[in-house]
Amino acid sequence: MTTPSTADLPRVIDTVASWQRDGAPVQVHPGDLGWYQRFGAEALAGALREWARDGETVAVGFLDESELIRMAIAPEAGGDEGIAHHVADDFVEALGELLPPGRAIVEARFGTALQQVLTDRGWGADDPWTPLHRDLAQPVPPSTLRIEVVGPGLVQERVRVEVAAFPGSSFSVDRWRQMADGHAYRHAACLLGYDEQGVAVAATTVWSAGRDRPGVIEPLGVHGGHRGRGHGRAMTLAAAGQMRRMGCSSARVATPSSNTAAVATYQAAGFVTPGEVTDFCRP
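Under the numbering used here, the first residue of the sequence shown carries the number 27, and numbering increases by one thereafter.
See below:
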């Protein structure tokens, strides 16, 4: 297991992008890494771990929160028991400096071997999440909001809506710029949605992993003072439409199942779910 440098970030992001597949369970996406880069390139590099075999990266771990490691595994390595045991051993030993004592969670939604190893070692189920996706082969209905792609002149507005949508958010103009300077943002776009009065009421960032691969919404929010008016559905349709124009094969998102309003919003915008999933919680 190794920790990449900031110079390695483009390679790691491109590798994770190459692993994205329609029909496979959701795993860490370049957009997840790109959104985290709002904290800076050094912070992102410090939150990543790589596992390699014969000089080729086969798994990437992403410390998305203080107690959560999210995994991405090469499609051809998903059933490899040797890799799974190696990764699981590192969770216990080498990652001790990252995961605090007590509660620790591993998001391993792809990779049957790692899932089985964690189960055999007593890792239990954490709270359920609902992954959703929308196929982008056909055109997406237009949004009822006026949509603008965020450039330098709209960054403050983008930040204002984000903070109003997510109380306690630490998003800022400087953090948007750090995100936008990142390698993953070359294949991304921030969108603002305006109502009939010309007020910015919703915002999102959408991320591509390359043409004919699934894209991801990370994040999407409606200003707290403008909810209950269908803006969430409208912004979700705008996000899906933007990803289709970017060449994505499908649009993906995941939300805690307890957030029933978010699940209903995505479903109202034509997203479907294969069912709930759970992460692994350390015994």
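Don't be surprised by glycine CBs; every beta carbon is placed ideally from N, CA and C.
Beta-carbon proximity list for residue i, same chain, < 6 angstroms, skipping 5 on both sides
| i | result |
| --- | --- |
| ALA139 | GLY105, ASP106, GLU107 and ALA110 |
| ASP90 | ARG96 |
| CYS216 | VAL176, ARG184 and THR231 |
| MET272 | SER234 |
| THR28 | GLU76 |
| TRP20 | Because the chain here runs from 27 to 309, residue 20 falls outside it and cannot be looked at. |
| VAL242 | HIS55, GLY57, TRP233 and ARG278 |
| GLN141 | ALA134 |
| ARG160 | ALA266, ALA277, GLY296 and PHE297 |
| THR41 | THR83 |
| ASP221 | VAL227 |
Same chain, Cβ closer than 8 angstroms to residue i, neighbours up to 5 away in sequence not counted
| i | result |
| --- | --- |
| TRP155 | ALA280, THR281, PRO282, SER283, GLU302, VAL303, THR304 and ASP305 |
| ASP152 | ILE131, THR304, ASP305, PHE306 and CYS307 |
| VAL289 | THR156, LEU158, THR281, SER283 and THR299 |
| VAL38 | PRO30, LEU59, LEU74, GLU76, THR83 and VAL86 |
| TRP45 | GLN53, ALA98, ILE99, ALA100 and PRO101 |
| SER169 | GLY219, ALA260, MET261, LEU263, ALA264 and GLY267 |
Cut-off 7 angstroms between Cβ atoms - residues of its own chain near residue i, not counting five sequence neighbours on either side
| i | result |
| --- | --- |
| SER275 | ASP48, LEU162, ASP238, ARG239 and PRO240 |
| THR262 | LEU246, THR291, TYR292 and ALA295 |
| THR299 | THR156, PRO157 and LEU158 |
| SER198 | VAL185 |
| LEU180 | GLU174 and LEU218 |
| HIS112 | TRP77 |
| ASP80 | none |
Local Cβ density within 10 Å of residue i, reported as buried at 16 or more and exposed below that
| i | result |
| --- | --- |
| SER92 | exposed |
| THR32 | exposed |
| ALA69 | exposed |
| GLY128 | exposed |
| GLY148 | exposed |
| GLN223 | exposed |
| SER196 | exposed |
| VAL248 | buried |
| VAL225 | exposed |
| PHE4 | Because the chain in this structure spans residues 27 to 309, residue 4 falls outside the shown range and cannot be described. |
| GLU188 | buried |
| ARG310 | With the chain running from 27 to 309 in the structure shown, residue 310 is simply not present. |
| ARG259 | buried |
For residue j and residue i, believed in contact at Cβ under 8 angstroms, the rounded distance
| i | j | result |
| --- | --- | --- |
| LEU5 | HIS209 | The chain is shown only over 27 to 309; residue 5 falls outside these bounds and no answer can be derived. |
| ALA228 | GLY236 | ALA228 to GLY236, Cβ: 27 angstroms. No contact. |
| ALA206 | TRP233 | In fact, because the Cβ distance is near 12 angstroms, the residues do not count as touching under 8 angstroms. |
| ALA50 | PHE136 | 6 angstroms |
| VAL84 | VAL54 | About 14 angstroms separates the two Cβ atoms, so there is no contact after all. |
| ALA190 | GLY250 | 5 angstroms |
| ARG64 | GLN182 | Actually they do not touch by this definition, with Cβ atoms about 15 angstroms apart. |
| LEU144 | ALA114 | 6 angstroms |
| HIS257 | LEU171 | 6 angstroms |
| PRO30 | ALA71 | 5 angstroms |
| GLY150 | PRO309 | 6 angstroms |
Item to check | Secondary structure, beta strand (DSSP E): runs of 3+ residues fully inside the segment 226–276 | outcome: Counting whole runs of 3 or more residues, the segment 226–276 contains the beta strand (DSSP E) stretches 226–233 and 240–248.
Next on the checklist: Measuring CB atoms only, is the segment 262–277 touching the segment 158–167, in the sense that at least three cross pairs come out at less than 8 angstroms?
Outcome noted: Counting Cβ pairs under 8 angstroms, three or more are found: they touch.
Item to check | Runs of alpha helix (DSSP H) lying entirely within the segment 186–228, each at least 4 residues, in chain order | outcome: Fully enclosed alpha helix (DSSP H) runs of 4 or longer: 199–206.
Item to check | Segments assigned alpha helix (DSSP H), at least 4 residues, entirely inside the segment 107–190 | outcome: As far as the segment 107–190 is concerned, its whole alpha helix (DSSP H) runs of at least 4 residues are 107–118 and 138–146.
Checklist entry - In chain order, which alpha helix (DSSP H) runs of at least 4 residues are fully inside the segment 277–302? => result Here the runs fully enclosed are 286–294.
Next on the checklist: List, from N- to C-terminal side, the beta strand (DSSP E) runs of 3 residues or more that fit wholly inside the segment 73–102.
Outcome noted: Runs of the beta strand (DSSP E) inside the segment 73–102: 74–79, 82–91 and 94–99.
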